[in-house]
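Top to bottom, those sequences are chains A and B. Using our numbering, you'd call the opening residue of the first sequence number 880 and step up by one each time. Using our numbering, you'd call the opening residue of the second sequence number 880 and step up by one each time. We put the CB at the ideal spot given by N, CA and C, even for glycine.
Number of protein chains: 2
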Amino acid sequence: MTAATAKDGKRGLRKDGVAAYMQEVGARARQAARRMARASAGEKNAALFALARIIEDESQAIIDANLLDLRAAREAGLEDALLDRLELNRSRVAAMADGVRQVAALADPVGEITELKMRPSGIQVGRMRVPLGVVGIIYESRPNVTADAAVLCLKSGNACILRGGSEALQSNQAIARCIHRALRDAGLPADCVQVVDTTDRAAVGHLLAMPQFVDVVIPRGGKSLVSFVAEHARVPVIKHLDGNCHVYIDGEADAEKAIAVAVNAKTQRYGTCNTMETLLVDAPIAERVLPELGRIYTGHGVELRGCERTRRILPQARPAAAADWDTEYLAPILAIRVVDGLDEAIDHIARHGSQHTDAIVTENYSRARRFLREVDSSSVMVNASTRFADGYEYGLGAEIGISTDKFHARGPVGLEGLTSMKWIVLGDGNVR
Amino acid sequence: MTAATAKDGKRGLRKDGVAAYMQEVGARARQAARRMARASAGEKNAALFALARIIEDESQAIIDANLLDLRAAREAGLEDALLDRLELNRSRVAAMADGVRQVAALADPVGEITELKMRPSGIQVGRMRVPLGVVGIIYESRPNVTADAAVLCLKSGNACILRGGSEALQSNQAIARCIHRALRDAGLPADCVQVVDTTDRAAVGHLLAMPQFVDVVIPRGGKSLVSFVAEHARVPVIKHLDGNCHVYIDGEADAEKAIAVAVNAKTQRYGTCNTMETLLVDAPIAERVLPELGRIYTGHGVELRGCERTRRILPQARPAAAADWDTEYLAPILAIRVVDGLDEAIDHIARHGSQHTDAIVTENYSRARRFLREVDSSSVMVNASTRFADGYEYGLGAEIGISTDKFHARGPVGLEGLTSMKWIVLGDGNVR
């Protein structure tokens, strides 16, 4: 045997090892999901309250495990921003426990029956909300996602398979131990929440390709992770890739509202997906709002990139290149374009937007209605900052992500997005 | 250049030709979808009523085109069953026109706004029902699907790309001409409904792999078509593969209802996906219901295949093999198993069912409730025949298919399944 084939053989074996491990994880999750689906609200809440308590009791153990991850990450030369995301200090662990209690306080979505209508045949037909089954979650450095994601899946009656970043392995395992203790205390199977404990990247590929065991996959992390998952998944994916959000200031906008919304949408936070990246201004109002907006943005240190008409009003703006209209800056940079009316604005958004969140500022009823209907984004707003696109702001109580897909869950995804509606038929011996 | 490379080059060119064609079809559909999304209920209904009239006016032209397909199919030696599916006679064309009018009479699902709730921040948040965008439909010999599918997409504000069987090409094109005339009469773009006019199978592959142009694909046809689509699609799919449906006669069932439901679920039609394929009987009631059921089934010519305990009561039943529990017969054959109580029944369904439709017959309140909650199928019934699992019976007014997936649309899929809910936010200059 040559060295090459020996190596191939070994690699093959290792691959088979991960495949077998993930199949086992999947089969256990599927089995546990059946038990979870029939867990009562009381059982699930008991597990969640137990978990909050255990996280608090074990906060030192969690922080110690996190220190191991942090040390290894520093040695590996991780950037400061990544180290910050990875870190679990006392207040972050406390916030994690609080988050668990908040989810416990939400209404149980499972079992809800709606629209039980009588049909001419005599049957009564309605729908019942039920868990999806097994949810796979693939995430990066933040270890608090382990608790956040697990409790949302638990509350919605799903089993989950969590695959965190390898740099957070110790932290994630420490949190997983808390979750398993809580599940056992509540009499629920520990397999409801499985944290993949191999750092082999092949595990992700397997997780994406087990439709018999996994009902949906949710990637949470950077664009390259999400793209990879979207490209390779053989199961449904709840994802959003870009948040290239727009505010359109219509010619009939209230200038004060327009300025408040446009400033807030850009400057309240720069790094979030619902931050405005391009401002569209209707020509008739441009001279009225742009000078003041320019002053405020410049005061905030926002770099402006404008079309030609914008630069005639705001000479401090750099010329926008074609690529600017398609860029999610996630930074204090703003593209500004003067447009001729609603149609051009809607057209710009259709062409360059990412179907995440777009807002119009206007006092004109018919244009507001048209914008609401015709802009094909997961959130469409009138006279409100795009920064409101958020599960908590929408009253979902929790958020597992924001979906820019149109299928199944759209926009901020809370507990409902982790369920489906099945049909139920109540009869009295009815036949066709 | 060798012959081989020349051939490859030519093949590549041909492939590029189909690819370019499908890209063009996709881009046109995406463009037309934007217009369709804002079409009013009146415009859409005008197109539908015009279509019904044009189908009636052009029925001879449609039948003539169909005769060409039938002749070619006969020459190609197609089976009688397939020829029957392919045939469009006067009454089938009339039924097609009637179907179009029925869809026109349904409420417009697009634009519906629900749950507009005030939030503590002052914004008002709700959801608006909007079209999915572009729907790809891949189907086999029945040319009436061309009209059925097109009108459902049209009514729900979607553009569609239809890819029918090559054996029905002439019929499908004749129907497409009617649709295009109707769209033009109503002032809607003809590209809203495009019928792929190449018989090159590569077109299907391209249709499945254009996420930028196609939002969902619906395969309608045999299992091999559906499997192929599910395997290769890079966009979401609404599909069902198998209908291995169960009726469970509980120990506390009303024997009369049990017999009525079990007979109807099997014998009303044999070839439909919601027909019962396995009957589960609780041991305490087996001796009371099985003898009469056996007589009735035998009277209908249904071949029985039973477990050992069944055969002690029904000696005429052949022994069931392990594979019988997993088989969708679509034929006058029934598998029967005697089980010990609800848990064994639910377990059998979880193991062997296809998550399509399953029913319990019982007078026991708690068992009915457990069955409803714990059986993870798209339709779950109490004291009603599985044959009711149908969009018309459920009051959807129309059905584009039955989904056994849990994601997005589940069970019979009507107009709603071709839409999604986006979030809308109404503010008054609100900022975070």
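Item                                                                                                                                                                    : Value
Pick helix, strand or coil for E1019 of chain A, following the three-state DSSP scheme.                                                                                 : coil
Please state if the CB of E1207 of chain B and the CB of G1122 of chain B are separated by a distance shorter than 8 Å.                                                 : yes
Assuming I1192 of chain A and A1165 of chain A make a contact with CB atoms under 8 Å, what is their CB distance in whole Å?                                            : 6 Å
Does any residue of chain B have a CB that is nearer than 8 Å to the CB of G990 of chain A?                                                                             : yes
Thinking C-alpha only, which one of A:H1179, A:D977, A:H1231 and A:R1080 is nearest E1048 of chain A?                                                                   : One detail in the question is off: residue 1048 of chain A reads as Leu in this sequence, not Glu. Closest by alpha carbon: A:R1080.
With distances taken from CA atoms, which of B:A918, B:F1092, B:A912 and B:N945 is nearest E903 of chain B?                                                             : B:F1092
Consider the Cβ of Y1273 of chain A: report whether some Cβ of chain B lies at a distance smaller than 8 Å.                                                             : yes
Within 8 Å of any Cβ in chain C, is that where the Cβ of V1168 of chain B sits?                                                                                         : Among the chains of the structure shown, chain C does not appear; the protein chains present are A and B.
Run through DSSP, which three-state label would A1214 of chain B get?                                                                                                   : strand
Quick one: Cα of G1036 of chain A to Cα of E958 of chain A, how far?                                                                                                    : 37 Å
Note down, in chain order, all residues in the segment 1100-1133 of chain B with a beta-carbon under 8 Å from any beta-carbon belonging to chain A.                     : P1115 and D1133
Strictly under 8 Å for the Cβ-Cβ distance: is D1307 of chain B near chain A by that measure?                                                                            : yes
I need the straight-line Cα distance from V823 of chain B to Y1176 of chain B, nearest angstrom please.                                                                 : Only positions 880 to 1311 of chain B appear in the structure, and residue 823 of chain B is not among them; the question remains open.
My output table needs one value for G1280 of chain B: the three-state DSSP class, helix, strand or coil.                                                                : strand
Only counting the same chain, and skipping five residues up and downstream in sequence, which positions put a Cβ closer than 6 Å to that of D936 of chain B?            : none
Would you mind telling me which residues of chain A sit closer than 8 Å to A911 of chain B, beta carbon to beta carbon, in chain order?                                 : In chain order: nothing, as chain A lies at least about 13 Å away.
State the DSSP-derived secondary structure class of H1111 of chain B, mapped to helix, strand or coil.                                                                  : helix
Would you please verify whether the beta carbon of N1051 of chain B is less than 8 Å from any beta carbon of chain A?                                                   : no
Compare the C-beta of R1266 of chain A against all C-beta atoms of chain B and say whether one is closer than 8 Å.                                                      : yes
Does G1101 of chain A pass the burial test, meaning 16 or more other C-beta atoms within 10 Å, or should it be called exposed?                                          : exposed
Give a yes or no on contact between the segment 1260-1271 of chain B and the segment 1221-1235 of chain A, applying the rule of three or more CB pairs nearer than 8 Å. : no
Closest to A1201 of chain A by C-alpha separation, out of A:N1243, A:C1124, A:A920 and A:T1157, would be which residue?                                                 : A:T1157
Is there a Cβ from chain A that is less than 8 Å from the Cβ of K1034 of chain B?                                                                                       : no
What separation, rounded to the nearest whole angstrom, lies between the Cα atoms of N1023 of chain A and G1015 of chain A?                                             : 16 Å
Would you say M1089 of chain A lies against chain B (beta-carbon separation less than 8 Å)?                                                                             : no
Using alpha carbons as the reference points, say which of A:L1031, A:E994, A:L962 and A:D1070 lies closest to A984 of chain A.                                          : A:L1031
Are the CB atoms of V1114 of chain A and P1090 of chain A nearer to each other than 8 Å?                                                                                : yes
Give the secondary structure of D1070 of chain A by DSSP, where H, G and I count as helix, E and B as strand, and everything else as coil.                              : helix
So, does the CB of W1204 of chain B fall closer than 8 Å to a CB anywhere in chain A?                                                                                   : no
Does any residue of chain B bring its CB to less than 8 Å from the CB of I1002 of chain A?                                                                              : yes
Cβ atoms of W1204 of chain B and Y1273 of chain A: under 8 Å apart, would you say?                                                                                      : no
In three-state terms, what does DSSP make of C1124 of chain B?                                                                                                          : strand
Using C-beta distances below 7 Å, list every residue in its chain close to G956 of chain B, excluding the 5 sequence neighbours before and after it, in chain order.    : none
Just verifying my parser: in three-state terms, what is the DSSP assignment at L949 of chain A?                                                                         : helix
Indicate whether at least one CB of chain A lies closer than 8 Å to the CB of H1287 of chain B.                                                                         : yes
Assuming the contact rule is C-beta atoms closer than 8 Å, A916 of chain B and D1133 of chain A should be a hit. Round their C-beta distance to whole Å, please.        : Contact flag wrong, Cβ pair sits at about 28 Å.
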